[in-house]
Amino acid sequence: MLEISNLTATAGDKDILKGITLSVQAGEVHAIMGPNGSGKSTLAQVLAGHPSYEVTGGSVLFEGEDLLELDPEERAHKGVFLAFQYPIEIPGVSNAYFLRSAYNAMRVARGGEEVDPMEFLDVMEEKLKIVEMDDAMLARSVNVGFSGGEKKRNEILQMAVLEPKLAILDETDSGLDIDALRVVAEGVNKLRRPDNAAIVVTHYQRLLNYIVPDFVHVLAGGRIIRSGGKELALELEEKGYDWLLQEALA
Amino acid sequence: MSVSHWQAAFAARAGRDEPQWLTPMRRTAMASFSALGFPTPKLEDWHYTSLSSIADVPFSIGGPASTTTVADLTPFMINAEWPTIVLLNGTYSPALSSLDSLPAGVVVLDLVQAWQTHPDLVQRHFGTVAVSEHAMTALNTGLMQDGVLVHVPKSVVSDTPIHILHVTDSAGVSSAQFPRTLIVAERFATATVLESFVGLADVAYFTNHVAEVVVGEHATITHSKIQRESNLATHVSTTEVHQARDSHYVNFSMAMGATLSRTNVYTVLDGENCGATLNGLYLGKGTQHTDHQTRIEHAQPNCFSRELYKGVLDHSSHAVFNGKVYVHPIAQKTDGKQSNHTLLLSPDARIDTKPQLEIFADDVKCTHGATVGRMDEAGLFYMKSRGVPAETARKLLTYAFAADVLETIENETVKQALQQLTLERYAGNGAERRTATPAS
Chain A
1 MLEISNLTAT
11 AGDKDILKGI
21 TLSVQAGEVH
31 AIMGPNGSGK
41 STLAQVLAGH
51 PSYEVTGGSV
61 LFEGEDLLEL
71 DPEERAHKGV
81 FLAFQYPIEI
91 PGVSNAYFLR
101 SAYNAMRVAR
111 GGEEVDPMEF
121 LDVMEEKLKI
131 VEMDDAMLAR
141 SVNVGFSGGE
151 KKRNEILQMA
161 VLEPKLAILD
171 ETDSGLDIDA
181 LRVVAEGVNK
191 LRRPDNAAIV
201 VTHYQRLLNY
211 IVPDFVHVLA
221 GGRIIRSGGK
231 ELALELEEKG
241 YDWLLQEALA
Chain B
251 MSVSHWQAAF
261 AARAGRDEPQ
271 WLTPMRRTAM
281 ASFSALGFPT
291 PKLEDWHYTS
301 LSSIADVPFS
311 IGGPASTTTV
321 ADLTPFMINA
331 EWPTIVLLNG
341 TYSPALSSLD
351 SLPAGVVVLD
361 LVQAWQTHPD
371 LVQRHFGTVA
381 VSEHAMTALN
391 TGLMQDGVLV
401 HVPKSVVSDT
411 PIHILHVTDS
421 AGVSSAQFPR
431 TLIVAERFAT
441 ATVLESFVGL
451 ADVAYFTNHV
461 AEVVVGEHAT
471 ITHSKIQRES
481 NLATHVSTTE
491 VHQARDSHYV
501 NFSMAMGATL
511 SRTNVYTVLD
521 GENCGATLNG
531 LYLGKGTQHT
541 DHQTRIEHAQ
551 PNCFSRELYK
561 GVLDHSSHAV
571 FNGKVYVHPI
581 AQKTDGKQSN
591 HTLLLSPDAR
601 IDTKPQLEIF
611 ADDVKCTHGA
621 TVGRMDEAGL
631 FYMKSRGVPA
641 ETARKLLTYA
651 FAADVLETIE
661 NETVKQALQQ
671 LTLERYAGNG
681 AERRTATPAS
């Protein structure tokens, strides 16, 4: 589904990704872990097409197509979704209007027809259950005045509405208490299907108790320095990142 | 700049049937205009806005009879059930007006009729509020052809908004219009007055409007203006307000039409416990020039004022905001808040903003601020990452920027009408009416 090879990227004149190679197949969950500043979030944002980063080398193929050639909205239409680490507040635009705009844009891009506001409410009823959200959230401006947990739930709600093929969760666990973490993780699990895949970017192993990965990759200094199965996450939890960093240097 | 054209127009109208007290007032005003001339950028108040493009244009005074029908006005009615008085090309049109649904006791008349039927009332207030020494106000007084009187008697609460619709159609090409509005709210009266300025044809003309508003003790006047003149029109409008103790005046100015517009809103809080709210939204495109000047004069203690103006400027449009809050030495415990925020959509768009506080009392709470920004790139990327096309995302964020000031409009119908006008400007989708208002 996703083939990243030797990807390098900069922010301003700072090299951040220094050659990432990663292959994700349908049905798989990949965890990307690593210390702060290792480039985890940059990788997530580069895949979504964030304008602050410049790709300087390598390639990213999504279902055989050059992802890097596409605008952010086109990537979304193809089925790439980024759950933001810091969801953006949009005063003056209601959550319902925002979600419906996105849903309809996606339908039209995929050759379907727009739904009217009433039909969309029916769609939403089922999606709200996935993240245990009240429909009162729909009337509020996007993320404005939302608590940290509500913002992250709102990200997963958007994911549920847009049904991506590849979901990239950027530190979705940060700032969540244990209850919110459970709701968010269960939401993600409910959306798992054999034909979609997820990349879970996280600093801590905690989230991976709920969203169990097939592969764990450790990113440090802009490179993947170790890949393994889910047991690698447990080892990191126990021993921290230092031993790996020292091994990588050795 | 030439004042002779206007002096000749004034001379030509001599001998018309009008109240005796008005003639000397007009003469004094014309003398004042002749001395002042058209404002030039040398004047501090007109530093960024020049009327030189129209000063020498030989406008006719008012327009000839025309064929505009009630149906032509339907899109501009806001609510057809509301009492609506229409001035067509500067003159009252009984055929287009519908005043049947006026609340009991409320008087809405064209001025020419009002100074016959309500001579004392008109004489008592006319020319007593619009006292700023402005050339354009003087010119209006000198050449005013017609206008509207709104009188809300003591303790009358008028729930239904009164709509004053100033219309210029193709017959009004090359005309100058000098409409006058006089709103008098007696003690404990409450009313909402909406003034629309509409151009039906793409023709050039000059509107020079003056509104005088007398807000009695404990009275509340909500006064909104929607300016959607023709794209070739020049629009100058001055609203002056006098507030007695415990009164409230709420003004909203929506400016989206005209090639050049200048809106002045001045209020004097001349009694204790008054409140004034002056809000507005200006939407500039093409080469439009949109200027707002406000002045809130705190002349007595324990009053508050709130002011929020927002603007969205595209292409090479230019807007000016100059808001002054003046606090007299006696006006202790004044609570004033003023802000102006502008979104620039294009590198060629320009805003000159000047919020000003002049405080001569020592126990007051006053703040002011202005921001000028560009499109929120983080919000844009967020929306695009959800598949919303870049253009739609831009329009939605632009609408969202303006949304909060529209949200302050108390009358739900007026609010929705202005939300819709803003949406149409930026989202271009008339089909999205109501149910799809992003705020809902």
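Going line by line, the protein sequences match chains A and B. Those letters in the first sequence? Residues 1 to 250, by our numbering. Those letters in the second sequence? Residues 251 to 690, by our numbering. Note that beta-carbon positions come from the ideal geometry of N, C-alpha and C, so glycine has one too. Model, not experiment: these values are computed from the prediction.
Secondary structure of glutamine 582 of chain B, DSSP reduced to three states: coil
Could you please give the first and the last residue of the uninterrupted alpha helix (DSSP H) stretch that includes methionine 275 of chain B? 272-286
Could you give the DSSP three-state label for lysine 587 of chain B: helix, strand or coil? In this structure, lysine 587 of chain B counts as strand in the three-state DSSP scheme.
Can you confirm whether serine 101 of chain A, when its beta carbon is compared against all beta carbons of chain B, has any partner nearer than 9 angstroms? Chain B contact via Cβ: present.
Could you check whether the Cβ of methionine 625 of chain B sits closer than 9 angstroms to any Cβ belonging to chain A? no
At a CB-CB cut-off below 7 angstroms, which residues of chain B make contact with glutamate 73 of chain A? Lys634, Gly637, Val638, Pro639, Ala640
Roughly how many angstroms separate the alpha carbons of arginine 374 of chain B and glycine 287 of chain B, rounded to a whole number? 28 angstroms
Give me whichever residues DSSP pairs with cysteine 616 of chain B in a beta bridge. B:Gly586
Whole-angstrom C-beta distance between leucine 47 of chain A and isoleucine 225 of chain A, which should lie under 8 angstroms: So it is not a contact: roughly 20 angstroms between Cβ atoms.
Which residues DSSP lists as bridging glycine 525 of chain B, in chain order: The partner list for glycine 525 of chain B (beta bridge, DSSP) reads B:His498, B:Phe554.
I want to see whether chain B comes within less than 9 angstroms of methionine 124 of chain A, judged by CB atoms only; does it? no
Could you tell me the alpha carbon to alpha carbon distance between glutamate 445 of chain B and tryptophan 271 of chain B, rounded to whole angstroms? 27 angstroms
Please tell me whether serine 480 of chain B and alanine 505 of chain B are closer than 9 angstroms, where the distance is taken between their beta carbons. no
Are leucine 533 of chain B and valine 570 of chain B close, meaning C-beta to C-beta below 9 angstroms? No; because the gap between Cβ atoms is not below 9 angstroms, this pair is not in contact.
Which residues does DSSP pair with alanine 197 of chain A in a beta bridge? A:Leu166
Tell whether a beta-carbon distance below 9 angstroms holds between valine 500 of chain B and threonine 540 of chain B. no
I want to verify the contact list: residues of chain A whose CB lies under 9 angstroms from the CB of phenylalanine 651 of chain B, in sequence order. Pro91, Gly92
Name the residues in the segment 146-169 of chain A whose C-beta lies less than 8 angstroms from a C-beta of chain B; which are they? In summary, the residues of the segment 146-169 of chain A whose CB is separated from some CB of chain B by less than 8 angstroms are Gln158, Leu162, in the order they occur in the chain.
Element boundaries [beta strand (DSSP E), containing tyrosine 516 of chain B]: Tyrosine 516 of chain B -> beta strand (DSSP E) spans 510-519.
Residues, ordered as in the chain, of the segment 3-18 of chain A that lie near chain B by beta-carbon distance below 8 angstroms: Taking 8 angstroms as the Cβ-Cβ cut-off against chain B, none of the residues of the segment 3-18 of chain A qualify.
Is the beta carbon of valine 443 of chain B closer than 9 angstroms to that of isoleucine 240 of chain B? Chain B is shown only over 251 to 690; residue 240 of chain B falls outside these bounds and no answer can be derived.
Distance, Cα to Cα, threonine 484 of chain B vs alanine 454 of chain B? 8 angstroms
Is there at least one Cβ from chain A nearer than 9 angstroms to phenylalanine 631 of chain B's Cβ? Interface residue, yes.
Does tyrosine 204 of chain A get closer than 9 angstroms to chain B when you measure Cβ to Cβ? no
So with CB distances below 9 angstroms, who are the chain B contacts of alanine 76 of chain A? Lys634, Ser635, Arg636, Gly637, Val638
Out of B:Asp598, B:Ser252, B:Ser284, state which residue places its alpha-carbon closest to the alpha-carbon of histidine 568 of chain B. B:Asp598
Check whether the Cβ of isoleucine 88 of chain A lies closer than 9 angstroms to any Cβ atom in chain B. So yes, isoleucine 88 of chain A belongs to the interface.
Limits of the beta strand (DSSP E) - the one that arginine 600 of chain B falls within: 600-609
At 3 residues or longer, what runs of the beta strand (DSSP E) sit wholly inside the segment 104-185 of chain A? 166-170
C-beta neighbour in chain B for histidine 30 of chain A, strict 9 angstroms: no
Starting from valine 362 of chain B, trace the alpha helix (DSSP H) in both directions and tell me its first and last residue. 361-367
On a CA-only basis, which of B:Phe447, B:Glu547, B:Ala439 is nearest glutamate 490 of chain B? Give me that one, please. B:Glu547
Three-state class that DSSP yields for alanine 652 of chain B in the structure shown: helix
Tell me which residue opens and which closes the alpha helix (DSSP H) that lysine 78 of chain A is part of. 72-78
Can you tell me which of the three DSSP states serine 405 of chain B falls into? Serine 405 of chain B falls in the coil class under three-state DSSP.
Valine 407 of chain B and valine 358 of chain B: beta carbons closer than 9 angstroms? For valine 407 of chain B and valine 358 of chain B, no; Cβs fall outside 9 angstroms.
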